[in-house]
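In what follows, a structure is listed as structure tokens, so that the remarks can point back to it.
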Amino acid sequence: MRSPLRFALTGMTLLAVALGIGRFLLTPLLPIMQADAGLSLVGGGWLASVNNLGYLAGALLCAVVALPQRQALRWGLVAITLSTAGMGLTHGMVPWLAWRLLAGVAAAVLVVHGIAWSMHRLQASGHPLLEAFVFTGPGVGIVVSGVVVAGMQPLGVSSAASWIGFGLACVLATALIWRTLDSASPAATAHAHVATTATPTGPAWTLIAAYGLIGFGYVIPATFLPVIAGERLHLPALREWFWPLYGAATVVLTLLLPRILQRIDNRRALAGTCVSMILGITLILVWPSIIGLALATVLIGSVLMPIVMVVMREARRLAPHDHTRLIAALTTAFGSGQIVGPLTAAWLAVRLHSFDAPLLLAALTLLAATGLAMVRTQSAIRPVEQGVGEWTPDAADVGSGSCDEP
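Under the numbering used here, the first residue of the sequence shown is numbered -2, with each subsequent residue one higher.
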């Protein structure tokens, strides 16, 4: 296999394991754990929030500690494998919380160093589509895990067996890319990434605040989508299939994003992602049907990775020489929103016996984020069209902490 394609597949696999399994595997398995493992909805909220707490800790660790890249990637893969299998081999909230915390830390490390590793090798290749291909990893991981979980349900596979099975899948994925991680970066060419010096379109504080609110608003449907689908449709056989649709939507938009960002500035793009999620949440509330939920899933799921890309692109414009502190602040805001969101949603849903209130709260939060995203500075100008290298994080961006991912 040609080296650029091998590097892209390796980067995609790292992100698929980190986010499709380490972060979001709980989402399709949550209803099953409620049915066969006695997990309450509030307990599921705690597991999601602890995982997000671990992700935040891992992101900040990457921002302040220069971890050896190859060792970090390998240990991250091992940690995801152990924490995933451990969820099926143990029972009870205490060990589950510990495993989910470890998975969150490892996922952040894999995202940071996985993006840095692959981008450092692909930026010299002159293949922008391969760079976008790397960022489809989270969506690919969600699609694969979602389809497998949904397909196993008619067979009566337990949640514990599912966790163990995905742990074994992590072993296979790790074995496939283990040696590729030793590959040296090719020499730079004329196609290598050139840092952007374009003018930012708004102040830093509004970007930080908007990103924190988005973290809260997006994580509620992202965590509880199958549960919400089951509540709305009362068709357990269908509820798990909305999660792979969520992942497929983000794969498609991620591949289209380079062209979109040539024609629209960062703040409008970020506001557009918020509007897309608001429309999706509104559809869930007012059109509780298979078609309505499917359209809502596409509107919400498609913006999963584009949010991160757009925010990181704007961060580099706001602080072109040293954006470590800004990205750390963005990571903290987004991570805090993700931690609070599942706990708040689960508490409201249990108290009010419905997800209407959590979804409405998420929509209002995203509406506020839309307003903040559109705040402009007087000197803001429409950015000129530039290539895909403008939005893909380079090694410096990622190594300084640009790892916050939905």
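Built from N, CA and C at the ideal position, the CB exists for glycine as well.
Given the structure is predicted, the values throughout are model-derived calculations rather than measurements.
T87: not part of any alpha helix (DSSP H); DSSP gives it neither H nor E. For E228, the enclosing alpha helix (DSSP H) stretches over residues A201 to L230. Contact holds between the region 330 to 350 and the region 199 to 216, because three or more Cβ pairs, one in each stretch, are under 8 Å apart.
D179 sits in a helix when the DSSP states are folded into three classes.
Rounded to the nearest angstrom, the Cβ distance from G8 to G134 is 7 Å, consistent with a contact under 8 Å. Here L12 is not near V144, since their CB atoms are 8 Å or more apart.
Annotation: L258 is outside any alpha helix (DSSP H) and is labelled neither H nor E by DSSP. About 6 Å separates the beta carbon of L327 from that of V308, a gap short enough to meet the 8 Å contact definition.
Here Q335 carries a helix assignment [DSSP, helix/strand/coil].
Q68 sits exposed, since fewer than 16 C-beta atoms from the chains shown fall within 10 Å of its C-beta. Closest in alpha carbon position to I304, among A32, P218, C167 and R264, is R264. For F352, there is no enclosing alpha helix (DSSP H), since its DSSP letter is neither H nor E. Residues I336, P339 and L340 of the same chain have their beta carbon placed closer than 7 Å to that of S46, with the five preceding and five following residues left out of the count. Our two residues, F4 and L126, have alpha carbons roughly 13 Å apart in a direct line. Rounded to whole angstroms, the separation of the alpha carbons of L173 and I297 is 32 Å.
Judged by their CB atoms, G40 and A103 are not nearer to each other than the 8 Å cut-off. A76 is classed as buried because its beta carbon has at least 16 other beta carbons within 10 Å across all chains shown. By the neighbour-count criterion, in which a residue is buried when 16 or more other Cβ atoms sit within 10 angstroms of its Cβ, D179 is exposed. The beta-carbon separation of L119 and P255, rounded to 13 Å, does not stay under the 8 Å limit for a contact. Judged by beta-carbon spacing, R236 lies within the 8 Å limit of P223, meaning their Cβ atoms are closer than that value.
Secondary structure within the region 130 to 157: the alpha helix (DSSP H) runs of 4 or more consecutive residues, fully enclosed, are 134 to 149 (chain order). DSSP, reduced to helix, strand and coil, places E128 within a helical segment of the structure shown. With contacts defined by Cβ atoms closer than 8 Å, G83 and W72 do not form a contacting pair. Relative to the Cα of A360, the nearest Cα in the group T270, V372 and S299 belongs to T270. A residue is called buried once 16 or more other Cβ atoms fall within 10 Å of its Cβ, and P25 is buried on that count. F239 sits in a helix when the DSSP states are folded into three classes.
Residue A105 holds the alpha-carbon nearest to the alpha-carbon of L58 among L38, R229, L44 and A105.
Sorting T247, W284 and G214 by C-alpha distance to the C-alpha of F130 places T247 at the top. The beta carbon of V140 sits closer than 6 Å to the beta carbons of P241, G244 and A245 from its chain, once the five residues preceding and following it are set aside; these are given in chain order.
Per DSSP, R314 is one residue of the alpha helix (DSSP H) stretching across L301 to L315. T198 sits in coil when the DSSP states are folded into three classes, being neither helix nor strand.
Secondary structure note for I29: its alpha helix (DSSP H) is the uninterrupted segment L23 to D33. Inter-residue distance for L98 and I261 is about 37 Å (C-alpha atoms, whole angstroms). Taking the C-beta atoms as reference points, G89 is found no nearer than 8 Å to W160. At the C-beta level, L44 and L94 come within 8 Å of one another.
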